[in-house]
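Below is one structure, written out as structure tokens, with a few remarks after it.
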Amino acid sequence: MAVIREPPAYRIIDSNSARLQERFANFWGSPVTFASMCSPEFAKMISGLFHVDSQQIALMDDMTSNAVMAFSAGDAALTQSPHWPVFTKMTHSHAMKAMTLLRDRLRYTWPHLNDASVVLTAFNLFCYGLCVSDSSILQFMTAIIQTYHKYNSGFPLNAEIVTGDNGFWIVRLFMANNPDDRGLIMRYDTNTFEREREMFEDKSGFYYSHQKRRGSSPDQPATPILASNIDPVVTLTVSDIAAEVHVPVNPSSPYSSPPSSSQYDTDSMFVDSDERIWDM
Numbered sequence: 001m002a003v004i005r006e007p008p009a010y011r012i013i014d015s016n017s018a019r020l021q022e023r024f025a026n027f028w029g030s031p032v033t034f035a036s037m038c039s040p041e042f043a044k045m046i047s048g049l050f051h052v053d054s055q056q057i058a059l060m061d062d063m064t065s066n067a068v069m070a071f072s073a074g075d076a077a078l079t080q081s082p083h084w085p086v087f088t089k090m091t092h093s094h095a096m097k098a099m100t101l102l103r104d105r106l107r108y109t110w111p112h113l114n115d116a117s118v119v120l121t122a123f124n125l126f127c128y129g130l131c132v133s134d135s136s137i138l139q140f141m142t143a144i145i146q147t148y149h150k151y152n153s154g155f156p157l158n159a160e161i162v163t164g165d166n167g168f169w170i171v172r173l174f175m176a177n178n179p180d181d182r183g184l185i186m187r188y189d190t191n192t193f194e195r196e197r198e199m200f201e202d203k204s205g206f207y208y209s210h211q212k213r214r215g216s217s218p219d220q221p222a223t224p225i226l227a228s229n230i231d232p233v234v235t236l237t238v239s240d241i242a243a244e245v246h247v248p249v250n251p252s253s254p255y256s257s258p259p260s261s262s263q264y265d266t267d268s269m270f271v272d273s274d275e276r277i278w279d280m
């Protein structure tokens with residue numbers, strides 16, 4: 001007797017997952033979130049990767065879906081809402097699932113990576129790595145994104161990372177077809193989107209605790225809320241996977257490769273319709 005499987009696009013999800021997906025689209029899928037930190041072109045590009053590309057591929061691919069949810073839950077945990085332990089548990093669970101599926105996918109696609117779901121999964125797990133401030137995850141996903149650009153064109157974002165002792169890291173996300181644009185720079189000791197998160201929470205009411213944030217008072221600035229709230233559980237898995245599929249990740253220096261020289265068709269990427277996916 002044949003087993004009837006539920007189509008991925010019609011997954012039944014719980015209320016927390018539904019709210020995370022809504023927040024993911026409305027916050028990270030909005031160019032306004034990035035407007036104060038980068039050029040309008042970059043803001044439109046990266047918000048489109050979240051709102052359109054990641055969500056569309058996630059409907060069809062469990063690996064990307066889990067990567068999106070790992071980032072969404074990790075990001076929500078940084079809001080310091082009363083629900084953050086729930087989101088912490090969710091981010092662990094989804095990150096482990098995404099990493100396991102990524103390992104299997106890399107066995108067949110490395111190094112050519114001619115698979116949209118692989119690079120979008122790496123992008124969202126990179127963002128998860130930012131939430132948990134884990135340099136090994138950031139290095140691994142940067143290596144995947146950079147290697148993708150060696151063999152493919154079309155994905156509009158590239159990344160680079162510098163790491164050091166005691167958890168030090170600085171990352172730069174930039175447009176693959178315009179590396180001269182500054183892009184977005186983030187570092188280990190700064191909560192880059194703290195102000196944007198607070199503004200969004202005040203406006204939307206998603207997960208906001210309505211309590212005074214840690215360390216905040218009229219004469220004392222709020223202490224940056226870093227990823228110390230989220231204990232990453234996939235660090236060893238990252239090292240194992242990198243060794244298994246021979247991803248050249250050097251923990252003491254960035255894995256560098258030139259950005260894609262292929263011209264990206266901006267007309268197909270920067271449309272306002274929610275119906276497009278970039279061409280492979």
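In the UniProt record's numbering, the protein residues as written are 1 to 280.
All C-beta atoms in this analysis are idealised placements derived from N, C-alpha and C, irrespective of residue type, glycine included.
Please read these numbers as outputs of a predicted model, since none were measured by experiment.
Tell me the rounded alpha-carbon separation between residue 349 and residue 125. The first residue shown for the chain is 1 and the last is 280, placing residue 349 beyond what the model contains.
What are the residues that DSSP puts in a beta bridge with residue 163? 169
Top-ranked residue by Cα proximity to residue 26, from 41, 177 and 52: The option with the nearest alpha carbon to residue 26 is 52.
Which stretch, first to last residue, makes up the beta strand (DSSP E) that contains residue 187? 184 to 187
Rounded to a whole number of angstroms, what is the C-alpha to C-alpha distance between residue 85 and residue 141? 26 Å
Host alpha helix (DSSP H) of residue 127 (start-end): 116 to 132
Measuring CA to CA, which of 204, 151, 122 and 37 is closest to residue 95? 122
Please classify residue 92: is it buried, with 16 or more other beta-carbons within 10 angstroms of its beta-carbon, or exposed? Buried is the label assigned to residue 92, since at least 16 other Cβ atoms lie within 10 Å of its Cβ.
Does residue 158 come out as helix, strand or coil in the three-state DSSP assignment? strand
Flag this pair as yes or no: are the beta carbons of residue 111 and residue 147 separated by less than 7 Å? yes
Beta-carbon contacts of residue 101 that lie in its chain and below 6 Å, excluding the five residues immediately before and after: 63
For a test of the three-state rule: what should DSSP assign to residue 174, helix, strand or coil? strand
Taking the straight line between their C-alpha atoms, what separation do you get for residue 185 and residue 56? 26 Å
To the nearest angstrom, how far is it from the Cα of residue 30 to the Cα of residue 44? Looking at the two C-alpha atoms, the distance is approximately 8 Å.
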